[in-house]
Amino acid sequence: MRRAFTFLLRPTVKQAAALAACLEDHRTLYNAALEHRRTAYAKAGVSVRYADQSAELKYIRADDAGGQGRWSFSSQQATLRRLDKAFRAFFDRVKAGRTPGFPRFKGRGRFDSVEWPRDGDGCRWDSQPEHPSATFVRLQGVGHVRVHQHRPIRGRVKTISVKREGMRWYVVLSCDDVPTGPLPATGAVAGIDLGVASLVTTSGGAHVANPRHLAATADRLAAAQRDLARKKRGSKRRHKAVARVAAMHGKVRRQRLDHAHKTALVLVRGYDVIVHEDLRITNMTRSASGTIDAPGRNVAAKSGLNRSILDAGWGVFLTILAHKAESAGRELIAVNPAGTSRTCARCGHCAKENRVTQAAFACTACGHATHADVNAAINILRAGLALRRAAEAA
Ligand SMILES: [Zn+2]
1 MRRAFTFLLR PTVKQAAALA ACLEDHRTLY NAALEHRRTA YAKAGVSVRY ADQSAELKYI
61 RADDAGGQGR WSFSSQQATL RRLDKAFRAF FDRVKAGRTP GFPRFKGRGR FDSVEWPRDG
121 DGCRWDSQPE HPSATFVRLQ GVGHVRVHQH RPIRGRVKTI SVKREGMRWY VVLSCDDVPT
181 GPLPATGAVA GIDLGVASLV TTSGGAHVAN PRHLAATADR LAAAQRDLAR KKRGSKRRHK
241 AVARVAAMHG KVRRQRLDHA HKTALVLVRG YDVIVHEDLR ITNMTRSASG TIDAPGRNVA
301 AKSGLNRSIL DAGWGVFLTI LAHKAESAGR ELIAVNPAGT SRTCARCGHC AKENRVTQAA
361 FACTACGHAT HADVNAAINI LRAGLALRRA AEAA
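In UniProt numbering, the protein residues as written are 1 to 394.
Written out as structure tokens, the structure reads:
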């Protein structure tokens, strides 16, 4: 199912000016293309088509680098297609024997929107996912514009449009594959442990690893960052190195997001209730409990940076999981993780000696031996179900 989501934009003064310029240049382009079609037909009897005009775009952009050249090629194509659509509708009506009005020039105030036909092409939804409290949309030539996202979106963002209504600016997302409602109940519950080697380990014993390509990009990013540190301030090489690091950060972010979406989807499809550790508490206790000090052997733990890149995925993952759980009608419970990695899931004995290595758990009281993350995930699940029972009884 396809659905549109509209949110208010909160541009800075500078961004609002850029948005106005963007809209104005697209309007000018629309009118110029209309003029082109009209004169070609009037003077030479030639019908100009969309493909002809689209092919000319690159010259228009090259000749006007500070004007038309600032904006996305794709949004300009979308504007030309919009004109094409107006012409088609016109000719359809002529064919049907009616006398329609010829497509008209758009005056100021009669052209209020610009569309970017594909997320990632001259625009990006949620362009700063790491930001703790705000959502941004990046628009070519305008920058990262703050979005007042008053509710979660669902599905996959396909097209992004910006429209002006009076003094206000809005972003409209057209989303594909929007789920049609709550998912059917599965009768299954799960606790999840968040880790470095495995992003997620479930109480049922499933491990979802951080993808290999993410670790590889993290390695390259660490190298690029070291390279940057060696460059002289203000030098051309440093400029390039900065750009390289920024591009790598973008890549890591996209890979992580993609992986987080896939993992969250699997969990939401599989379980009615999902219990996870409360990250606000986890982040404070992790280093003390030794997880960060003694990372697993599977992790390419070559530098603190590299590891932090993998770690940083937790918050993003939980945010995505929360959105998906809400739209699917699933229950998500956050619990205090204290003791979950040291307590035996079979007998309840709690001791730091139970944790043999990062990956191995062996209870010193009852001898129960298992994967440490699975043991933790089971404890997390229990704590969540206990909270739930307490809430129901109250
Ligand atoms: Zn035990």
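Ideal Cβ placement from N, Cα and C applies to all residues, glycine included.
Just the Cα atoms here: how many angstroms apart are residue i and residue j?
i           : j           : result
residue 367 : residue 347 : 9 Å
residue 249 : residue 44  : 53 Å
residue 205 : residue 193 : 10 Å
residue 71  : residue 22  : 7 Å
residue 239 : residue 171 : 33 Å
residue 86  : residue 25  : 19 Å
residue 125 : residue 362 : 46 Å
residue 225 : residue 246 : 10 Å
residue 398 : residue 387 : The requested residue 398 does not occur in the structure, where the chain is confined to residues 1 to 394.
Consider the C-beta atom of residue i and the heavy atoms of ligand 1; say whether any pair is separated by less than 8 Å.
i           : result
residue 382 : no
residue 368 : yes
residue 4   : no
residue 365 : yes
residue 346 : yes
residue 371 : no
residue 399 : Here the chain comprises residues numbered 1 to 394, so residue 399 is not present and cannot be evaluated.
residue 349 : yes
Could you tell me whether the Cβ of residue i comes closer than 9 Å to any Cβ of chain C?
i          : result
residue 84 : The structure shown has no chain C; it contains just one protein chain.
Within its chain, find whatever has a CB closer than 7 Å to the CB of residue i; leave out the 5 residues flanking it on each side and keep chain order.
i           : result
residue 19  : 11, 142, 162 and 169
residue 257 : 129 and 316
residue 80  : 33, 50, 53 and 54
Take residue i and list the residues in its own chain whose beta-carbon comes closer than 6 Å to its own, dropping the five residues that flank it on each side.
i           : result
residue 365 : 347 and 349
residue 321 : 264
residue 331 : 273
residue 231 : 237, 238 and 241
residue 157 : 119, 125, 173 and 175
Residue range of the alpha helix (DSSP H) that residue i falls in?
i           : result
residue 319 : 313 to 328
residue 183 : Run containing residue 183: none; DSSP gives neither H nor E here.
residue 87  : 73 to 95
residue 54  : 50 to 63
In its own chain, which residues sit with a C-beta less than 8 Å from the C-beta of residue i, not counting the 5 before and 5 after it?
i           : result
residue 77  : 54, 57 and 117
residue 136 : 126, 127, 128, 144, 145, 146 and 147
residue 41  : 47 and 48
Over what stretch of residues does the beta strand (DSSP E) that includes residue i continue unbroken?
i           : result
residue 170 : 168 to 176
residue 198 : 198 to 202
residue 147 : 143 to 148
My assumption, with CB atoms under 8 Å, is that residue i sits in contact with residue j. Please give the rounded CB distance.
i           : j           : result
residue 359 : residue 372 : 6 Å
residue 183 : residue 263 : Residue 183 to residue 263, Cβ: 16 Å. No contact.
residue 377 : residue 235 : Not confirmed; about 49 Å, so no contact.
Run the proximity test for residue i: is its beta-carbon closer than 8 Å to any non-hydrogen atom belonging to ligand 3?
i           : result
residue 249 : For ligand 3, the structure offers nothing, since it holds only ligand 1.
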